[in-house]
Structures are given as structure tokens and as C-alpha cells.
Amino acid sequence: MNNTTVYVGMDVHKNSFSLCCYTVRDDACSHYVKIDPDYRLVLEYIESMRGIYGDDSKFICGYEAGCLGYTLYHQLNDHGVECIILAPSTMAKSPV
2 MNNTTVYVGM
12 DVHKNSFSLC
22 CYTVRDDACS
32 HYVKIDPDYR
42 LVLEYIESMR
52 GIYGDDSKFI
62 CGYEAGCLGY
72 TLYHQLNDHG
82 VECIILAPST
92 MAKSPV
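Counting in this note's numbering, the sequence shown runs from 2 upward without gaps.
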């Protein structure tokens, strides 16, 4: 599955990050993990996903604006990972 755009959803908190991958082709989230709050672990996660989605896949990370501000955004961008900070008002609400 080469040349795929993989969206990495990140639920970021002071004590942990929860990550998962989404692709339009699969139309589902997969590869859920919970990690310590360290951008280097996010980079490791992305590298491990390259083994599944292909080395030439594009990864775009996104997280809801909150306690981390722009720190994680800058850390990921500094390592060549595209990152988007989402305004809470634009986030979809759970139907439950």
C-alpha cells in the first residue's frame, strides 16, 4: 500500500498520548496505542507504521488544541512530520 496518506489522530494529555491511524482507503481507524507523552515516541510510532503502509507514505498528525499548545506541533514539524492543531469547536461530537 505505497504512496498512501495516513492520518494519525492523537488524543494528547499531560500524562499520556493515544494514537491511531486512519486512511481513506480503509475508512477505519487502526493501530491504536497509548504512549507516554513524548514526541520521540510519536516519531517511533510513525516509523513502525511505515513498515505497514510503506516508506513513501505521507503521515499527517493532528491533535486538539489544549494544554500542550504548539510544543508538540513544533517538535514533530522539526522532524519532518506534518502536524495540524484542531480547534475544539471543529471536532466532531460522539453520537453517544
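Where a beta carbon is used, it is the ideal one built from N, C-alpha and C, also for glycine.
Can the beta-carbon of residue i be found closer than 9 Å to that of residue j?
i, j, result
"residue 84", "residue 15", "no"
"residue 25", "residue 60", "no"
"residue 34", "residue 82", "no"
Excluding the 5 residues flanking residue i on each side, which residues of the same chain have their C-beta closer than 7 Å to its C-beta?
i, result
"residue 40", "73, 76 and 77"
"residue 51", "58"
"residue 89", "65 and 66"
Could you pull out every residue in the same chain whose Cβ sits closer than 6 Å to the Cβ of residue i, ignoring the five residues on either side in sequence?
i, result
"residue 29", "none"
"residue 86", "66 and 74"
Excluding the 5 residues preceding and the 5 following residue i in the sequence, name in chain order all residues of the same chain whose CB lies nearer than 8 Å to its CB.
i, result
"residue 92", "65"
"residue 21", "9, 10, 30, 31, 32, 33 and 34"
What's the call for residue i, buried or exposed, on a 16-neighbour Cβ count within 10 Å?
i, result
"residue 71", "exposed"
"residue 53", "exposed"
Assuming residue i and residue j form a contact by the criterion Cβ under 8 Å, report the distance between their Cβ atoms to the nearest whole angstrom.
i, j, result
"residue 17", "residue 37", "7 Å"
Contact the segment 59-74 vs the segment 6-13: 3+ CB pairs below 8 Å:
yes
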